[in-house]
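**Q**
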Amino acid sequence: MATERTLSIIKPDATRRNLTGKINAKFEEAGLRIIAQKRIHLTKAQAGKFYEVHKERPFYDELCEFMASAPVVVQVLEGEGAIVKNREVMGATNPADAAPGTIRAEFAQSVGENSVHGSDAPETAAAEIAFYFSGLELVG
Ligand code: RTP
Ligand code: MG
């Protein structure tokens, strides 16, 4: 399997509870390397742009409000099959369905406040990385 890069976000519910280090340990234990990382506070408009694909969904407004409610940590993870591997480490969107040991099983508070975001395909990973980072910031 090829080396890939994926965009990860540690969401406001997790930064509020000081869980950045515990979540990063999960990535590193799974063999994912954090090759870029920064803490930012999104505006609601910026969150809305990032989640534009969901704009017709009933939870869109609530999601954008939540993502702008506190700082987030945006990061690029690199590794073998990083996109799928990260989705496995994250666990299912709804923490009630997330496998034991996954980030969402251990830390998520609800289907909305679910601690992490991860890109879902190579095309979205490339676009989402470019949304937050310049090439110079990716230090593999
Ligand atoms: P993500 O994009 O954040 O990695 O999560 P995902 O693929 O597992 O979930 P997705 O369907 O893409 O939804 C994006 C985010 O929207 C929030 N959500 N809320 N209230 C709800 O029913 C609901 N459904 C989704 C979650 O924060 C989810 O991660
Ligand atoms: Mg998604």
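FYI, UniProt numbering numbers position 121 of the sequence shown as 121, with every residue one higher than the one before it.
Using N, Cα and C, we set each Cβ at its ideal position, and we do this for glycine too.
(1) Using a Cβ distance threshold of 8 Å, determine whether the region 54-67 contacts the region 30-37, with at least three qualifying pairs required.
(2) Just to check my reading of the structure: residue 42 and residue 72 have Cβ atoms closer than 8 Å, yes? What is that Cβ distance to the nearest angstrom?
(3) Provide the residue span of the alpha helix (DSSP H) that contains residue 49, from first to last.
(4) In chain order, what residues of the same chain lie with their CB nearer than 7 Å to the CB of residue 99, ignoring the 5 residues before and after it?
(5) Identify, in the order they occur along the chain, each residue of the same chain with its Cβ nearer than 8 Å to the Cβ of residue 120, setting aside the five sequence neighbours on each side.
**A** With the given structure in hand:
(1) No, because fewer than three Cβ pairs between the region 54-67 and the region 30-37 fall closer than 8 Å, the two stretches do not touch.
(2) 6 Å
(3) Counted as a single uninterrupted DSSP element, the alpha helix (DSSP H) harbouring residue 49 occupies residues 44-50.
(4) 91 and 105
(5) 83 and 87
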